[in-house]
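This report concerns only the one structure given below.
In the numbering used here, the protein residues as written are 3 to 414.
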């Protein structure tokens, strides 16, 4: 799953694995690091919504079994134990989850929409006159780094370094990922120290002041979790959905006739090509035969959100091609479902709609099949998204970043 060949066509790989092994298939996430990949929608749903303690999120028994190699250690940046809501169970998880959920509910949608619009317009302004751009490197990634910095009370100046660190972590490649994990820890310690000294109107300060009374280390770990989960996946969601809208006739025509909306495109991408395609690490609490496969407690189980979403037999009957009908697993499900799904969708929809509003004649500069996807076992991430459009100059009349900063009327 770490090879470029897998990144180039993961759905073909899912189909082969499903045909050969059924609902649960053996895979490697790094050289010498095996896992069970859940490809069936119903099997994925069973794990994600388990309330009978059949499955645990604690990876420490699995960590102890890993070989001492750079490749294995590189995976720990994404799956290694941290005392946070992602890697805990029971009452400990419930306490952490409540704090994180409460803090995300403090985000005001109108303020977030205005922030995304301002940042989007500023980024478009920098390349609008060129008539071409890479929407990954020049738009989606810098936009998310700046939005995240705003939510976490950091300046734009630290956004580029944050994006580099999180991208390296997500790639999960050997010594580079180990170094990035250490750099991320330093970034977090600096951020949290500043927030204890001078709290603000931001997520870290809300976590510090929450009634759950998180210890300083617990605050650090939840800022690590929420910041990492918010930046890279959201940037990829923006890029993946934009690419889909510019190539799928159902959405491409909607750019002029409104046939299908940005929200519907986001829902479809979250179902079939989510930015976190294979994740949701789980571990059996006892030896279990699960959908025909024996799984031991110290073995890694990953949920293939993309594989489950493309399972030809497992999707609920109400899921159709225009929307997910509540069926996609792109944000997980159950008690570990992403608590920031609503802000993430608002950010992505606003960012995409600003592009479609501001750049006339937006289209891919290369065929979709010529796009390059970054290798990695966990993510679905474009290396670049080259586009062309009608150049927009500062003195050009009409709706441009220089004459209007109002969000597109299609944004709810």
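Note that the Cβ used here is the ideal one computed from N, Cα and C, for glycine as well.
Residue i in three-state terms, based on DSSP
i: residue 97; result: helix
i: residue 151; result: helix
i: residue 4; result: coil
i: residue 312; result: coil
i: residue 249; result: helix
i: residue 67; result: coil
i: residue 182; result: helix
i: residue 411; result: Residue confidence is low: residue 411 scores 37 on pLDDT, short of 50, so the model does not pin down where it sits. No coordinate-derived value is stated.
i: residue 166; result: helix
i: residue 157; result: coil
i: residue 143; result: helix
i: residue 370; result: helix
i: residue 330; result: coil
i: residue 339; result: coil
i: residue 87; result: coil
i: residue 107; result: helix
i: residue 319; result: Residue confidence is low: residue 319 scores 45 on pLDDT, short of 50, so the model does not pin down where it sits. No coordinate-derived value is stated.
For residue i, the residue or residues it bridges with in DSSP
i: residue 296; result: 291
i: residue 58; result: 285
i: residue 134; result: 390
i: residue 365; result: 390
i: residue 381; result: 278
i: residue 375; result: 384
Boundaries (first-last residue) of the alpha helix (DSSP H) holding residue i
i: residue 301; result: Neither: residue 301 is in no alpha helix (DSSP H) and is coded neither H nor E.
i: residue 21; result: 12-23
i: residue 114; result: 111-129
i: residue 343; result: 343-360
i: residue 80; result: 72-81
i: residue 271; result: 264-274
i: residue 395; result: Looking at the DSSP string, residue 395 is not in any alpha helix (DSSP H), and its letter there is neither H nor E.
i: residue 44; result: 43-50
Boundaries of the beta strand (DSSP E) in which residue i is found, first to last residue
i: residue 39; result: 35-40
i: residue 32; result: 26-32
Chain D contact for residue i (CB, 8 Å cutoff)
i: residue 369; result: In summary, chain D is missing from the structure at hand, where a single protein chain is found.
Touching by the beta-carbon criterion (3+ pairs, under 8 Å), the segment 7-25 and the segment 299-316: The segment 7-25 vs the segment 299-316: in contact.
Stretch pair the segment 230-240 + the segment 275-291: three plus CB contacts closer than 8 Å: Between the segment 230-240 and the segment 275-291 there are three or more C-beta pairs closer than 8 Å, enough to call the two in contact.
Validate contact between the segment 185-195 and the segment 225-237 using beta carbons, cut 8 Å, 3 pairs: With the rule of 3 Cβ pairs closer than 8 Å, the segment 185-195 counts as touching the segment 225-237.
The segment 356-373 touching the segment 89-109, judged by at least three CB pairs closer than 8 Å: Touching, no, given that fewer than three Cβ pairs across the two stretches are closer than 8 Å.
Validate contact between the segment 371-385 and the segment 348-361 using beta carbons, cut 8 Å, 3 pairs: They do not touch, by the three-pair rule.
At least three beta-carbon pairs within less than 8 Å, the segment 40-54 to the segment 335-345: As far as the Cβ criterion goes, the segment 40-54 touches the segment 335-345, which means the pair count is three or higher.
Every unbroken alpha helix (DSSP H) inside the segment 190-246 [4 residues or more]: Secondary structure remark: continuous alpha helix (DSSP H) runs of at least 4 residues inside the segment 190-246, in chain order: 205-211.
Inter-stretch contact (C-beta, 8 Å, three-pair minimum) for the segment 246-253 and the segment 138-148: Two segments are said to touch when three or more pairs of C-beta atoms, one from each, lie closer than 8 Å; by this definition the segment 246-253 does not touch the segment 138-148.
Stretch-stretch touch, CB-based, cutoff 8 Å, three pairs: the segment 89-103 with the segment 113-125: By the C-beta criterion, the segment 89-103 is judged not to be in contact with the segment 113-125, since fewer than 3 inter-stretch pairs fall below 8 Å.
Cβ pair count under 8 Å reaching 3, the segment 204-211 against the segment 121-135: No, because fewer than three Cβ pairs between the segment 204-211 and the segment 121-135 fall closer than 8 Å, the two stretches do not touch.
Cβ contact check for the segment 284-304 and the segment 57-64: 3 or more pairs under 8 Å: The segment 284-304 makes contact with the segment 57-64, as at least three CB pairs between them are under 8 Å.
At least three beta-carbon pairs within less than 8 Å, the segment 31-40 to the segment 66-82: Between the segment 31-40 and the segment 66-82 there are three or more inter-stretch CB-CB distances shorter than 8 Å, so the stretches are counted as touching.
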